[in-house]
Amino acid sequence: MQNFSLAGCDETANDILENIPSDSERRAATDGGNRRRGAGGYSFRRPAPFRIFRRQVDGGAGASSFDDDCSAGNGSVDTNLRTVMMSQSAGEDPEERKITAIDKQKKEGDIYNISAEGDINPLSNDYFGVVANYFSVGLMMGGSTSLLYPVLIVKAGATASLMTASYAVVMVCWSYKIVFGFLSDCFPIFGYKRKPYIVIGWLFCAAVLIALAREGNDVDPRNLVIMFALANLGYVWADVASDGFMVFIAHREPIEKRGTMQTLVYSVSKLGQIAINLLILFGFSGPEMNCPGYQPDPSIPCTNNIYIIKRVDPELYTNNPYSWCYEMCDDATFEWDLSIPEFAISICFVIFASIPLYLRLKEDKVQAEPRLEFLAKFWSQLKRKAAWQVILYGMISHITFGVSNAAKMPANYVWLDLHTFQHSIMVIFEKFFFFVGLNLVRKYALNVSWRKQVLAGSLLVLVFNSLYFIIIFDVWRNSWFYIFTDVSALFMYTLNFLASHACMVEVAEPGYEAITYSLITTATNAVSPLSAVVSYQLLAFFPLLNDQESIATDTPEVRSQFASLQALVMLINVSSLLSLPLLPRQKKETREMVAKGEISSFWGSFVILSALTFLCYSTIVTFVTVKYHDVYGCMKVLGGGGCSADESSTMALGLVSCIFLYCYGVSFYLTYLPIFTGERSFSRSMFY
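Residues 1 to 688 (UniProt numbering) make up the sequence shown, in order.
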């Protein structure tokens, strides 16, 4: 029998050992039919749901993969269980002792309460800066994305592929949260892991916005997209550090209330998005943004650009063939316009006003860990089934449910005349009802099964999305009807959103809050640009739906292609429910999964490789689509109609097929293959 040190774990380990029966007691209490005799004694015949994911030994024969560092876990259940199993005699079965220990911990409630410390009030002076940070995040996120529609679709007449790719590029830095999480956790500044990075991130964001303001109001739309992406890099850096604070506070919530902090910060973020969209509503609904070719200076002649003239109101052009550009068109709601420099500076004002709140955040000083040692511990976290299964669910469900009909944006403009004023109202309603939905979930559904929430939310979203067929076939083309369906669908999506994010807090272990939470969100965010890429690559098979001009013809063939694309997208969305069994039901089930401590080096590596592959692919494709749209935008693999008449769609089909093969293949292997092999039985409860 080997001796292992129980330093730092004596009290918990002794409590567990006292409740472990002796060999004779277990033989007397256990039916022989459920046991098998081995070289070292008895062990249970317990079929695991996924046999490949049983604890693996990464060393040679007899080498244990368990870590005996109990002090790092500060009494955590997973470490205690490992210590108990390592210190047992050769005749004692690890699986049996692990189950007994978990049962003991269940009775005491230790596996459900992540931290023994008391609740923290996030609205107190010490932590109010965390909440304020998410308001600023909402301002930047909402401002940089909501401004794309009036700038690209309304003013520039962009294609569907360029619009979708631009949105993905602006949000691409969210896919690199793990990098900032590593910097935050491994490189403390003056002993602080959070505060300095929040301040640095926002100052970088403000610097880029000031540079954008110096570009003037005539900045090229594609350069605007790139600069917004750079500005977002700064606030994502701040957001990752703030996520560490958020998880730190959430860990101190009792299990019945855990999730309150998450819904609070996401709600505040939505308030920030509402505020910035109100500014867009009143600032960018004038003639300069909504009237193609509008010229406020009478000394400058009207443009002769044929592409712009085609988009001018025919009646306005006919009545004033030489002075049409000085007249306000019907799509302009107000006579004034806010310039892009003024828009950027207004966000900078809020950023600088919030800096004092970040500086006064309460944070304990820490010593920087050796980087290699920290990464080794982080790798041990990632190998846990609780972590990689949640990550894989997030990736698969976000890819399949995130695919959208990229042709909707230009169609809304040419079919419904959805100008900036109406679009801004729609976005404001979206954020407001999302805010309401989050708070309703926090009040009434915080402990409802996550699977039930995702199932109900997904199906209700699809119901409202199906109403777009009424617009496609011109049964009723009304912009307010579309706003109703879109806002209703997003309201239902709050069920999906909170369920898929709540499990992340349960998986993130103390001491690894920022990097673990950012890893999980990085994996899910990494596939958001991928969903956008798939969305506009699907346009390669529907060539009439990429340009505003072709959609405006509204021929039966255009409608047929649009309906086919809409049906295909909805089918892909509903297939996301196939991965639902990978999502734990609720907080208790997640903590039990963490406590069991099953690990797999293979699946940990698989997750990292998948995330890196998707991230590199989607980043390259979206940047090429935006930056070099004039050169490569016609290629079918980038969502164009083809640069030549005989251009093949094979490459686009192959890339899209590989992505969906990954999603359905992983879901089948983890969830349904064990059913076919008899290792588990099928049950409807897998989905709720």
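Every residue, glycine too, gets a C-beta built ideally from N, C-alpha and C.
For residue j and residue i, the rounded distance between their alpha carbons
i: residue 306; j: residue 129; result: 52 Å
i: residue 425; j: residue 384; result: 44 Å
i: residue 381; j: residue 493; result: 30 Å
i: residue 242; j: residue 325; result: 48 Å
i: residue 691; j: residue 681; result: Lying before the first or after the last residue shown, residue 691 is absent from the chain, which here runs from 1 to 688.
i: residue 202; j: residue 196; result: 10 Å
i: residue 304; j: residue 316; result: 15 Å
i: residue 124; j: residue 181; result: 25 Å
i: residue 630; j: residue 536; result: 16 Å
i: residue 656; j: residue 538; result: 8 Å
i: residue 462; j: residue 452; result: 16 Å
i: residue 715; j: residue 278; result: No answer is possible for residue 715: it lies beyond the span of the chain, which begins at 1 and ends at 688.
i: residue 670; j: residue 583; result: 12 Å
i: residue 415; j: residue 333; result: 19 Å
i: residue 635; j: residue 161; result: 11 Å
i: residue 555; j: residue 437; result: 39 Å
i: residue 604; j: residue 614; result: 16 Å
i: residue 386; j: residue 545; result: 42 Å
i: residue 683; j: residue 577; result: 15 Å
i: residue 651; j: residue 637; result: 6 Å
i: residue 193; j: residue 273; result: 27 Å
i: residue 566; j: residue 402; result: 13 Å
i: residue 673; j: residue 579; result: 13 Å
i: residue 660; j: residue 400; result: 8 Å
i: residue 490; j: residue 433; result: 8 Å
i: residue 276; j: residue 472; result: 31 Å
i: residue 135; j: residue 675; result: 46 Å
i: residue 524; j: residue 220; result: 31 Å
i: residue 365; j: residue 188; result: 9 Å
i: residue 341; j: residue 376; result: 46 Å
i: residue 393; j: residue 308; result: 45 Å
i: residue 526; j: residue 174; result: 7 Å
6 Å CB neighbourhood of residue i in its chain, flanking five on each side removed
i: residue 239; result: 137
i: residue 348; result: 206 and 209
i: residue 520; result: 391 and 504
i: residue 15; result: Per-residue confidence for residue 15 stands at a pLDDT of 47, beneath the threshold of 50, marking its modelled position as unreliable; no derived number is given.
i: residue 72; result: Because residue 72 carries a pLDDT of 37, less than 50, the predicted location of this residue cannot be relied on, and the following value inherits that uncertainty. None.
i: residue 422; result: 479
i: residue 435; result: 267 and 270
i: residue 156; result: 221
DSSP beta-bridge partners of residue i
i: residue 384; result: 599
i: residue 192; result: 189
Proximal residues to residue i (C-beta, below 7 Å), its chain only, five neighbours per side dropped
i: residue 205; result: 140, 231, 234, 235 and 351
i: residue 288; result: 294, 296 and 337
i: residue 362; result: 126 and 127
i: residue 691; result: Residue 691 lies beyond the residue range present for the chain, which begins at 1 and ends at 688; the question has no answer from this structure.
i: residue 327; result: 316 and 320
i: residue 569; result: 403, 404 and 405
i: residue 647; result: 636
i: residue 298; result: 326
Close beta carbons around residue i, own chain, < 8 Å, minus the five adjacent residues each side
i: residue 371; result: 186
i: residue 345; result: 209, 210 and 213
i: residue 168; result: 528, 529, 532, 533, 618 and 622
i: residue 249; result: 120, 122, 127, 130 and 261
i: residue 409; result: 149, 153, 160, 163 and 164
i: residue 323; result: 302
Beta-carbon separation (whole angstroms), residue i vs residue j, contact threshold 8 Å
i: residue 166; j: residue 666; result: No, residue 166 and residue 666 are not in contact; Cβ-Cβ is about 30 Å, not under 8 Å.
i: residue 581; j: residue 686; result: 4 Å
i: residue 259; j: residue 442; result: 7 Å
i: residue 639; j: residue 540; result: 6 Å
i: residue 199; j: residue 359; result: 7 Å
i: residue 264; j: residue 428; result: Contact flag wrong, Cβ pair sits at about 21 Å.
i: residue 507; j: residue 594; result: 7 Å
i: residue 470; j: residue 476; result: 5 Å
i: residue 522; j: residue 310; result: No, residue 522 and residue 310 are not in contact; Cβ-Cβ is about 43 Å, not under 8 Å.
Item to check | Residue ranges of each alpha helix (DSSP H) within the region 614-649, 4 or longer | outcome: 629-632
Next on the checklist: Just to confirm the assignment: which complete alpha helix (DSSP H) runs, minimum length 4, are found wholly within the region 237-313?
Outcome noted: 260-283, 287-290 and 306-310
Item to check | Residue ranges of each alpha helix (DSSP H) within the region 128-181, 4 or longer | outcome: 128-146 and 160-170
Item to check | Secondary structure, alpha helix (DSSP H): runs of 4+ residues fully inside the region 544-595 | outcome: 548-553 and 556-574
Item to check | Within the region 416-456, ranges of the alpha helix (DSSP H) (whole runs, at least 4 residues) | outcome: 420-444
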